[in-house]
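Asks: In my numbering, the protein residues as written are 260 to 624. Here it is, the structure in full.
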Ligand code: HEM
């Protein structure tokens, strides 16, 4: 045991002398976690699902073929011939949905705790970009199985994009690569899904986490934005102040986080085994199904477009997205507690109830 200890110390020292790995490790460990912070681990769980997506995605790409003639057959092959192929595909599909769900829950946590306010404006903006990229992941991935649902849901989705004022028709052309959904659409969706989006998410994620690391987590108990109760600079585990206000990131926070990931992994396997990802008939551009609906996370937009005038149904979500992106600059109220932010919380609750109602309406209409 002692011999093993000294061997690992020697290996550590070898790297320390050359690359100063201790500095990096210290910087990662000395993060400020306010005792009163309640993140519910939503951000970390979203990151976990992203990692699952990358691993299962790489495995799927080994067999998947991105052409209209071969795509559907390759998915059938993955599900029926490849060992555990059906499980990998189901985990990929469930994890995609859960990544979107937890990303939204994380946004809501940050919003209701006022953690987007100064000095975390840019962290919020980068997070917003991550949500947009995550939704694009869902949109581009949906077409890849090339079954009836994939084909017609993408037809509806690109039509919605085409209805945007000014840029609509150019965007529709860019997405489809022509007037219809064809081999060109499939190959550009595939390229964006497996290369452009993973690299972009990685880049923004590194930025996001670096920002969180540099500032520490927001303390929801602070009175207003001018009152960052935590001392700036490095976390000093020995000081009496740190004992009262701060928890060390390592091992306290990271251990809880890993337990949360473990529970999510178990949930993922159970869901993927009990409710495997389905596959409809192969895409047929000549036979329009009776009901084509997008995935649950776009249902509120779809239902909105059905019941309110098209120009309002398209413009309203764009305006809402711009307001959300610039929220930290638009909301000038310096207070943190929800009871002192009646306008922001009120508008947030109304928007949330609206989105949930339209989603349920869209699902059952
Ligand atoms: C792929 C999506 C995302 C990932 C993986 C991610 C990851 C994380 C992680 C791990 C943290 C540390 C605290 C925690 O676990 O909650 C964090 C904090 C934060 N995130 Fe995200 N995030 C994502 C999307 C977003 C979105 C959509 C927003 C808002 C628009 C956002 C805004 C923030 C802010 C402001 C903080 C600092 C919160 C605080 O100090 O309490 N993030 N994020």
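Note that CB positions come from ideal geometry on N, CA and C, so glycine has one too. A quick note: this is a predicted structure, and the numbers were derived from the prediction, not measured.
Give the DSSP-derived three-state secondary structure of residue 300 in the structure shown.
Replies: Locating residue 300 in the chain shown gives position 41, where the first residue counts as 1. Three-state DSSP puts residue 300 in coil, outside helix and strand.
Asks: State the start and end residues of the unbroken alpha helix (DSSP H) segment that holds residue 602.
Replies: Mapped onto the chain shown, residue 602 falls at position 343. Residues 601-623.
Asks: Closer than 8 Å by C-beta to residue 435: which residues in its own chain qualify, once you throw out the five before and the five after it? Chain order, please.
Replies: To locate residue 435, count along the chain shown from 1; it is residue 176. Closer than 8 Å at the Cβ level, and outside the excluded window around residue 435, lie 417, 441, 443 and 444.
Asks: Alpha carbon to alpha carbon, how far is residue 566 from residue 559?
Replies: As a working note, residue 566 is residue 307 in the chain shown. As a working note, residue 559 is residue 300 in the chain shown. Roughly 11 Å separates the two Cα atoms.
Asks: Taking only the alpha-carbon atoms, compute the straight-line gap between residue 327 and residue 454 and give it to the nearest angstrom.
Replies: By one-based count along the chain shown, residue 327 stands at place 68. By one-based count along the chain shown, residue 454 stands at place 195. Each residue's alpha carbon lies about 20 Å from the other.
Asks: Could you tell me the distance, in whole angstroms, from the CA atom of residue 616 to the CA atom of residue 405?
Replies: To locate residue 616, count along the chain shown from 1; it is residue 357. To locate residue 405, count along the chain shown from 1; it is residue 146. Cα to Cα, the separation comes out at about 30 Å.
Asks: Would you say residue 407 and residue 539 are within 8 Å of each other, going by their C-beta atoms?
Replies: Here residue 407 refers to the residue found at position 148 of the chain shown. Here residue 539 refers to the residue found at position 280 of the chain shown. Contact flag set, yes.
Asks: Which of the three DSSP states, helix, strand or coil, is assigned to residue 323?
Replies: On the chain shown, residue 323 is found 64 positions in, with the first residue counted as 1. Residue 323 falls in the coil class under three-state DSSP.
Asks: What does the alpha-carbon distance come out to for the pair residue 288 and residue 281?
Replies: On the chain shown, position 29 is the one that residue 288 refers to. On the chain shown, position 22 is the one that residue 281 refers to. One C-alpha to the other measures close to 10 Å.
Asks: Rounded to whole angstroms, what is the Cα-Cα separation between residue 277 and residue 268?
Replies: Position 18 of the chain shown, counted from the first residue, corresponds to residue 277. Position 9 of the chain shown, counted from the first residue, corresponds to residue 268. Using only the alpha carbons, I get a separation of about 14 Å.
Asks: For residue 355, does the three-state DSSP call read helix, strand or coil?
Replies: For the purposes of this step, residue 355 is taken as the residue at position 96 of the chain shown. Helix.
Asks: With respect to 7 Å, is the separation between the Cβ of residue 607 and the closest non-hydrogen atom of the ligand HEM below this value?
Replies: Taking the chain shown and counting its residues from 1, one reaches residue 607 at position 348. Residue 607 Cβ: outside cutoff for every heavy atom of the ligand HEM.
Asks: Mapping the DSSP letters down to three states, classify residue 292 as helix, strand or coil.
Replies: The residue given as residue 292 occupies position 33 in the chain shown. Correct three-state label for residue 292: strand.
Asks: Could you give the DSSP three-state label for residue 506: helix, strand or coil?
Replies: In the chain shown, residue 506 corresponds to position 247, counting from 1. Strand, per DSSP.
Asks: Could you pull the start and end residues of the alpha helix (DSSP H) that residue 594 belongs to?
Replies: Taking the chain shown and counting its residues from 1, the one referred to as residue 594 is at position 335. It is not in any alpha helix (DSSP H) - residue 594 carries neither H nor E in the DSSP assignment.
Asks: For residue 511, which three-state DSSP category applies?
Replies: Start at 1 with the first residue of the chain shown, and residue 511 comes out as number 252. Residue 511: helix per DSSP, three-state reduction.
Asks: Report yes if the CB atom of residue 352 is closer than 8 Å to the CB atom of residue 536, and no otherwise.
Replies: Counting from one through the chain shown, the residue named residue 352 turns up at place 93. Counting from one through the chain shown, the residue named residue 536 turns up at place 277. Going by C-beta atoms, residue 352 is nearer than 8 Å to residue 536.
Asks: By a C-beta neighbour count over all protein chains shown, 10 Å radius and 16 as the cutoff for buried, is residue 521 buried or exposed?
Replies: Here residue 521 refers to the residue found at position 262 when the chain shown is read from its first residue. Classification of residue 521: exposed, given that the 10 Å Cβ count is below 16.
Asks: At the level of alpha carbons, what is the spacing between residue 649 and residue 285?
Replies: No statement about residue 649 is possible, as the shown extent of the chain runs from 260 to 624 and does not include it.
Asks: Enumerate in chain order the residues of its own chain whose CB-to-CB distance from residue 411 is below 7 Å, with the five nearest sequence positions on each side excluded.
Replies: Position 152 of the chain shown, counted from the start, is the residue given in the question as residue 411. Correct list, in chain order: 547, 548 and 551.
Asks: Just mark residue 469 as buried or exposed, buried being the case when its beta carbon has 16 or more other beta carbons within 10 Å.
Replies: Position 210 of the chain shown, counted from the first residue, corresponds to residue 469. Result: exposed.
Asks: So is residue 312 buried or exposed if we call it buried at 16+ other beta carbons inside 10 Å?
Replies: As a working mapping, residue 312 is identified with position 53 in the chain shown. When all chains shown are included, residue 312 counts as buried.
Asks: Given 7 Å as the limit, tell me if residue 390 has its C-beta closer than that to any heavy atom belonging to the ligand HEM.
Replies: In the chain shown, residue 390 corresponds to position 131, counting from 1. Correct: residue 390 has its Cβ closer than 7 Å to the ligand HEM.
Asks: Give me the Cα-Cα distance between residue 308 and residue 504, rounded to the nearest whole angstrom.
Replies: Numbered from 1 along the chain shown, position 49 holds the residue referred to as residue 308. Numbered from 1 along the chain shown, position 245 holds the residue referred to as residue 504. If you take the alpha carbons of residue 308 and residue 504, they lie about 31 Å apart.
Asks: Cβ-heavy atom distance between residue 375 and the ligand HEM below 7 Å?
Replies: To locate residue 375, count along the chain shown from 1; it is residue 116. At least one heavy atom of the ligand HEM is nearer than 7 Å to the Cβ of residue 375, so yes.
Asks: Looking at residue 379 and the ligand HEM, is the gap between the Cβ and the nearest heavy atom below 7 Å?
Replies: As a first step, residue 379 is located in the chain shown; it is residue number 120 there, counting from the start. Within the cutoff, so yes.
Asks: Nearest to residue 610 by alpha carbon, out of 370, 480 and 344?
Replies: In the chain shown, the residue the question calls residue 610 occupies position 351. It is 370 whose Cα lies nearest to the Cα of residue 610.
Asks: I'd like to check one pair, residue 483 with residue 593: are the Cβ atoms closer than 8 Å?
Replies: On the chain shown, position 334 is the one that residue 593 refers to. On the chain shown, position 224 is the one that residue 483 refers to. Yes. Within cutoff.
Asks: Tell me whether the region 455-474 and the region 387-404 touch, counting them as touching only if at least three CB pairs, one residue from each stretch, are closer than 8 Å.
Replies: Touching, yes, given that three or more Cβ pairs across the two stretches are closer than 8 Å.
Asks: Could you spell out where the alpha helix (DSSP H) holding residue 339 opens and where it closes?
Replies: Walking along the chain shown from the start, residue 339 turns up at place 80. 330-339 is the span of the alpha helix (DSSP H), which, as asked, contains residue 339.
Asks: How would you call residue 529, buried or exposed, if buried means at least 16 neighbouring beta carbons within 10 angstroms?
Replies: Residue mapping note: residue 529 aligns to position 270 of the chain shown, counting from 1. Answer is exposed; the Cβ neighbour count stays below 16.
Asks: Roughly how many whole angstroms lie between the Cα atoms of residue 602 and residue 297?
Replies: Mapped onto the chain shown, residue 602 falls at position 343. Mapped onto the chain shown, residue 297 falls at position 38. Roughly 23 Å between the two C-alpha positions.
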